[in-house]
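**Q** Note that the sequence shown covers residues 474 to 606 in the working numbering. Before we start, here is the structure in question, set down as structure tokens.
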Amino acid sequence: MVNEYRTHDSDLPDGPRYRQWDAERVREWAGRIGENTTVVVNRIFESVPVDEQGLDAALAVLRLTRRYSAARVEAAAGVALASRVRSPRYAHLRPILETNQDHPDGRNPRAEPAMAEPVGYVRGADYYAGGTR
Numbered sequence: 474m475v476n477e478y479r480t481h482d483s484d485l486p487d488g489p490r491y492r493q494w495d496a497e498r499v500r501e502w503a504g505r506i507g508e509n510t511t512v513v514v515n516r517i518f519e520s521v522p523v524d525e526q527g528l529d530a531a532l533a534v535l536r537l538t539r540r541y542s543a544a545r546v547e548a549a550a551g552v553a554l555a556s557r558v559r560s561p562r563y564a565h566l567r568p569i570l571e572t573n574q575d576h577p578d579g580r581n582p583r584a585e586p587a588m589a590e591p592v593g594y595v596r597g598a599d600y601y602a603g604g605t606r
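Here it is in structure tokens:
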């Protein structure tokens, strides 16, 4: 290997060894999130000539679960797949999550529901009619 950097596993210190990220491991993680996320990750890998070129893009999508729930990432992947984007990426999914487009009604589920009835006394039309009546 000329002009390449490589660390041999035998040169690493004793102790826990970390498994390297590869396409199979990324697909397993996507499978634990859901079907739509798996399709997004598979499309990322299909869009690049070599699997290693798609690792960062696929991991960026999966790391959205650090900030958002797996269910929301799965729903956002479904929204992205329903659009015209052939291979959704992080840049497509993050705005969907930030603007709550992954919810059917477009609202944040944690937001307080609007009150159905007004609070306090509401004056009727007779009050504003003045002395004409």
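Glycine included, C-beta positions come from ideal geometry on N, C-alpha and C.
#1: Tell me whether the beta-carbon of Tyr534 lies closer than 8 Å to the beta-carbon of Val552.
#2: If we call anything under 8 Å between Cβ atoms a contact, is Arg500 one with Arg492?
#3: How many angstroms separate the CA atom of Trp502 from the CA atom of Arg596?
#4: Report the three-state DSSP secondary structure of Val558 (helix, strand or coil).
#5: If Ala550 and Asp524 are in contact, beta carbons under 8 Å, what's the gap, nearest whole angstrom?
#6: I believe Trp494 touches Leu528 by the beta-carbon criterion, under 8 Å. Please report the beta-carbon distance rounded to the nearest angstrom.
#7: Taking all protein chains shown into account, decide if Asp575 is buried (16 or more other Cβ within 10 angstroms of its Cβ) or exposed.
#8: Under the three-state reduction of DSSP, which class applies to Ser483: helix, strand or coil?
#9: Give every residue of the same chain whose Cβ lies closer than 6 Å to the Cβ of Ala531, excluding the five residues on either side of it in the sequence, and list them in chain order.
#10: Rounded to the nearest angstrom, what separates Ser520 and Pro568 at their Cα positions?
**A** The short version:
#1: To locate residue 534, count along the sequence shown from 1; it is residue 61. To locate residue 552, count along the sequence shown from 1; it is residue 79. Going by the sequence as given, residue 534 is Val instead of Tyr. Not in contact: Val534 and Val552 (Cβ atoms no closer than 8 Å).
#2: Looking up residue 500 in the sequence shown gives position 27. Looking up residue 492 in the sequence shown gives position 19. Cβ atoms of Arg500 and Arg492: not closer than 8 Å.
#3: Sequence index remark: in the sequence shown, residue 502 carries index 29 (1-based). Sequence index remark: in the sequence shown, residue 596 carries index 123 (1-based). So the two alpha carbons sit approximately 59 Å from each other.
#4: Residue mapping note: residue 558 aligns to position 85 of the sequence shown, counting from 1. Note: Val558 maps to coil in three-state DSSP.
#5: Within the sequence shown, numbered from 1, the residue matching residue 550 stands at position 77. Within the sequence shown, numbered from 1, the residue matching residue 524 stands at position 51. Not quite, the Cβ-Cβ distance comes to about 20 Å (not below 8 Å), so this is no contact.
#6: Locating residue 494 in the sequence shown gives position 21, counting from the first residue. Locating residue 528 in the sequence shown gives position 55, counting from the first residue. Yes, Trp494 and Leu528 are in contact; Cβ-Cβ is about 6 Å, under 8 Å.
#7: Residue mapping note: residue 575 aligns to position 102 of the sequence shown, counting from 1. Flag for Asp575 reads buried.
#8: To locate residue 483, count along the sequence shown from 1; it is residue 10. Helix at Ser483.
#9: Position 58 of the sequence shown holds residue 531. Val499, Val514, Ile517.
#10: For the purposes of this step, residue 520 is taken as residue 47 along the sequence shown, with counting starting at 1. For the purposes of this step, residue 568 is taken as residue 95 along the sequence shown, with counting starting at 1. When rounded, the distance between both Cα atoms is 21 Å.
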